Amino acid sequence: DTGVSQDPRHKITKRGQNVTFRCDPISEHNRLYWYRQTLGQGPEFLTYFQNEAQLEKSRLLSDRFSAERPKGSFSTLEIQRTEQGDSAMYLCASSLGNSGDTQYFGPGTRLTVL
Amino acid sequence: AQKITQTQPGMFVQEKEAVTLDCTYDTSDPSYGLFWYKQPSSGEMIFLIYQGSYDQQNATEGRYSLNFQKARKSANLVISASQLGDSAMYFCAMRGISGTYKYIFGTGTRLKVLA
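Residue numbers (my numbering), protein chains in the order written: chain H, 3 to 116; chain D, 18 to 132.
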């Protein structure tokens, strides 16, 4: 399977705990994106990487959220001191960076904060 | 600011019939891209079709076509010959070309195909 992969697919945690999600993009894609989707809504942009550089970050992303993409390959999204409002689907996407720049999404990580 | 509006929260269509899902957008970018994605209950966003703002012809991909009316700022998705497997959420998205690569998504339309 050469698509975008995400791990874990589901995560249940208690409020106040830290969680980390991983995304492996399509191998030749140099752009990587994180989105958050809550029930009944479309995905909302969180942050974006071009290779290893984090080029854009949403104002939605509080200081408790951090993302990295070391070596421009896989990426991690960490949420510290989770809150119930963080419960959502976290989607990762990657793109080639060509003229159409279509983003291809992974299956998502569903986070539930108790 | 960019915005995508999908005014149909839910739609029904009979199997083998065609259906149109509405999408209007707002942007001040002179160049932009419009996308449609399908999200089944499993949660994965599946890319369906892309239309560039300067493309002269409407995009088509198999049973999917995009009815792009630039003056009206609409980018409706047409699904022909609906199948039961088309039942899903459908999202319209836009990307501005200048300065940002993030997508702005609409709130989606839930399509149910009836046997």
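Glycine is no exception: its CB is placed at the ideal position from the N, C-alpha and C atoms. Bear in mind the structure is a predicted one, so any value in this text is a computation, not a measurement.
Each residue's CA atom was taken as its position, placing glutamine 56 of chain D and asparagine 84 of chain D some 20 Å apart.
The straight-line gap separating the alpha-carbon atoms of aspartate 46 of chain D and alanine 132 of chain D is approximately 42 Å. Under DSSP, tyrosine 120 of chain D shares a beta bridge with D/Arg112. For a Cβ distance threshold of 8 Å, residue set Gly44 of chain H lies close to glycine 123 of chain D, ordered along the chain.
CA-CA distance, serine 96 of chain H to tyrosine 118 of chain D, rounds to 11 Å.
For alanine 92 of chain D, the enclosing beta strand (DSSP E) has its first and last residue at 91 to 96. The C-alpha of glycine 27 of chain D is placed about 6 Å away from the C-alpha of leucine 128 of chain D. The straight-line gap separating the alpha-carbon atoms of serine 58 of chain D and leucine 41 of chain H is approximately 12 Å. In the DSSP secondary-structure assignment, threonine 49 of chain H is bridged to H/Trp36, H/Lys59.
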